[in-house]
Amino acid sequence: MRARWWAALPLAVVLVLAASGSRLQIYWWPSELRDETSGRQGEPVAAVDVWKNEDGEHERRFTVTLVDVRRAVSVEGFDGPERVEPAAGTAVWEVVLEFDVDPDVPMGLCEVSLIDTAGREADARGGSVGDVFLPVTDCEPQNRRGPDYTGARDEDLLPRLPTYRVAEYVVTADDAEPASVRVWWEPTDYVEIDVATG
Amino acid sequence: MHAYTPQVPGTRGRIVVGAAVLVLLAGGIWVSGGLARADQVGPTSAAPGVEVEATPFRVRLDSAEATYELSDGSTADEGLAYVVVAGTLALDDDESVGSDVLGDAFRADLSTYDVYGEPEDEAEPIVTVAGDGSWLLGIGPGLTYDVRLVFEVDESAVPGQVTVDLAAHVRRASSLDGTIGWHDPAVVSRVTLDVSPLPAERPDGDLQ
Amino acid sequence: MRARRLLALFLVAGALLALGAALDGWLPGDDDDPGSEPFLRPAAVGEPVRLTGMTVEVDSVQGSTALDDFGTELASPGVWVLVRYTVTPTDETDAIGFAQVVDDRGRTWSQQHGRSSNTCPVGPPGVRMGCVASFEVPSDAVDGLRIRLAPELEQRYGAVADVDLGLTDDDAAAFSGAPALEVPETTIGDR
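Top to bottom, those sequences are chains A, B and C. Residues 1 to 198, numbered by my numbering, are exactly what the first sequence covers, in order. Residues 199 to 406, numbered by my numbering, are exactly what the second sequence covers, in order. Residues 407 to 597, numbered by my numbering, are exactly what the third sequence covers, in order.
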């Protein structure tokens with residue numbers, strides 16, 4: 001039987017298209033905060049946060065309590081307390097968190113944000129308010145530190161206590177009404193604690 | 199039943215096959231971008247004061263000097279000095295480019311230190327604007343700058359001459375993310391300049 | 407018979423090659439970047455523009471042949487154009503990360519290229535952030551110059567504000583005689 005030469009045509013067309021190099025591009029959306037551990041102000045929230053380094057995956061187990069969210073009055077400056085005077089149109093909040101965690105667990109480089117009743121999310125970012133510098137966001141006290149992510153610890157500083165409080169500072173629009181506080185390190189885990197109303 | 203008899207194609211068959219092969223060849227050449235002269239091998243020498251096309255830049259290198267002090271007032275650390283090449287620089291394209299592309303356009307036959315004081319594998323200058331000594335981190339279209347290419351060297355290793363290699367880039371898509379940019383710098387021109395010697399004394403500057 | 411079949415085969419092959427060449431020009435090739443065309447939102451100075459996650463408004467534009475950079479005067483072979491603009495993030499802490507000027511010939515001068523810069527600190531949602539961008543351009547670019555502003559440096563998939571700075575050749579001439587521009591501080595909150 002004679003081979004039908006034109007039977008190869010569909011295959012040939014496909015090969016031509018492939019050879020012309022049409023570009024298929026697949027974009028991976030960055031991973032987002034998806035895995036929520038939730039709680040309410042005043043109640044300890046037990047959480048497990050996964051972090052990765054070249055040694056693989058690690059777990060950070062801790063309990064965090066949202067103690068208070070209030071307008072910041074002053075921050076600790078170089079020479080003592082400095083009055084916080086928010087710029088027109090803004091408000092500065094002090095978010096007090098209490099952590100319960102093993103002193104050998106790294107807690108550095110955390111992120112904190114304040115979500116208002118309109119659903120807007122403002123990050124705690126330090127920076128300056130007028131001439132006053134807001135402390136950078138930190139989930140462990142300045143003078144008592146746990147290890148970093150390589151396992152090393154600054155031996156000049158005292159070790160962290162199992163229970164401690166830290167204050168984070170967030171600048172928001174002046175009409176923001178705090179609704180919840182979010183704490184995270186890297187996607188996808190995060191803790192979200194509702195602010196008490198009234 | 200049809201017996202299969204191998205046949206040598208006749209003359210007419212040969213002409214047909216020949217023509218078809220030519221069609222294929224022509225089509226193949228057309229698809230692959232046409233005939234082009236092979237690129238010249240090796241960079242050319244350019245004299246000082248001659249403008250060179252180092253795509254996407256137009257560069258003219260005029261002179262070189264060794265000095266302890268730059269026009270922004272900074273002075274070389276103890277044991278170090280600068281070789282400064284003076285010239286002009288413009289961009290021959292409609293889109294501004296960054297310091298990565300500009301930096302890859304110049305190399306010199308010097309042993310240099312980077313901005314952190316670390317020895318560099320390749321002598322890449324800091325491109326500065328003559329007069330105020332401000333750093334030119336890339337360049338935009340339509341602007342011709344008087345520039346000073348700054349190389350930091352050992353004071354004891356200041357040469358009598360410096361050869362600056364000028365490289366041309368190729369415009370193509372990045373193999374990483376497909377964005378169009380300037381890539382594959384290759385030396386197209388070499389300029390050798392006499393280096394005016396260091397002054398007898400360091401200027402009285404701030405001590406560390 | 408055999409020659410005719412061969413001819414048919416070669417002609418089809420040739421036709422397919424031609425089809426391939428034609429498609430090569432039609433499909434995205436090495437030099438094209440079809441996903442990269444930004445979505446431009448034209449506006450004038452003083453007109454707010456909604457972008458993804460923020461509103462931006464150009465407030466003012468000044469020009470001179472010199473820029474005062476922390477006490478050092480940077481003289482330009484062209485002119486300096488200084489643009490002040492306001493960003494109000496909508497939902498999250500954000501800023502304008504991409505700033506570029508474009509002339510009517512389509513030439514572009516981007517932040518961080520040459521001596522051009524854009525300073526726009528991140529701000530919280532609902533707060534007006536005062537930002538500053540400065541660009542060095544040739545005098546012949548001034549007439550019809552536009553500024554493009556977007557949240558991300560990588561602005562392939564979002565909207566970009568395309569603001570006509572309202573400049574003319576008369577302004578370019580005036581810039582030559584203007585005193586060195588002082589770069590203002592960025593601001594947070596209402597002014």
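Just so you know, even glycine gets a beta-carbon here, dropped at the ideal spot from N, CA and C. Keep in mind that this is a model prediction, so the values were computed, not measured.
- According to DSSP, residue pairing for A:Y149 in a beta bridge does not occur.
- The C-beta of C:F504 has 16 or more other C-beta atoms within 10 Å across all chains shown, which makes the residue buried.
- Taking all protein chains in view, the Cβ of A:A124 is crowded by 16 or more other Cβ atoms within 10 Å, so the residue is classified as buried.
- A:F99: member of the beta strand (DSSP E) spanning 90-100, first to last residue.
- Chain C has no Cβ within less than 7 Å of the Cβ of A:E57.
- With fewer than 16 neighbouring CB atoms inside 10 Å of its own CB, A:R40 falls in the exposed class.
- Comparing alpha-carbon positions, the option among A:D138, A:V105, A:G77 lying closest to A:D148 turns out to be A:V105.
- For the segment 323-344 of chain B, the set of positions with a beta-carbon nearer than 7 Å to some beta-carbon of chain C reads G329, D330, S332, L334, L335, G336, I337, G338, P339, G340, L341, T342, Y343 in chain order.
- Among the CB atoms of chain B, none fall inside 7 Å of the CB of C:W486.
- When C-alpha distances from B:D291 are compared across B:P254, B:V283, B:Y266, the shortest belongs to B:P254.
- Residue-level contact check: C:V467 does not touch chain A, since none of the beta carbons of chain A fall below 7 Å from its beta carbon.
- Within a 10 Å sphere around the beta-carbon of B:A303 sit 16 or more other beta-carbons, which makes this residue buried.
- For A:F78, no beta strand (DSSP E) run applies, since DSSP gives it neither H nor E.
- Identification of residues in the segment 479-506 of chain C having a C-beta nearer than 7 Å to some C-beta of chain A yields D497, E498, T499, given in sequence order.
- Under the three-state reduction of DSSP, B:S294 is assigned to coil, being neither helix nor strand.
- Judged by DSSP in its simplified three-state form, C:G583 adopts helix.
- Taking a C-beta cut-off of 9 Å against chain A, the contacting residues of the segment 532-543 of chain C are G532, V533, R534, listed in chain order.
- Listed in chain order, the beta strand (DSSP E) runs fully inside the segment 112-138 of chain A are 121-123, 127-129, 132-134, counting runs of at least 3 residues.
- Around the beta carbon of C:F476, a 10 Å sphere encloses fewer than 16 other beta carbons of the protein chains shown; the residue is thus reported as exposed.
- Between C:P531 and C:P557, the gap from beta carbon to beta carbon reaches 7 Å or more.
- Across the structure, B:D344 and C:T492 are spaced so that their CA atoms are roughly 35 Å apart.
- Counted as a single uninterrupted DSSP element, the beta strand (DSSP E) harbouring B:I378 occupies residues 378-394.
- Nearest CB-CB separation between B:V221 and chain C: below the 7 Å threshold.
- Just measuring C-alpha positions, the residue of C:E591, C:V508, C:Y563, C:W486 sitting nearest C:P448 is C:V508.
- Taking B:E267 as the centre and dropping the five residues before and after it, the same chain places the C-beta of T273, P401 closer than 6 Å to its C-beta, in chain order.
- Pairwise C-beta distances place the segment 138-156 of chain A out of contact with the segment 80-95 of chain A, as fewer than three of them are shorter than 8 Å.
- Listed by position along chain C, the residues whose Cβ is nearer than 8 Å to that of B:V295 are H519.
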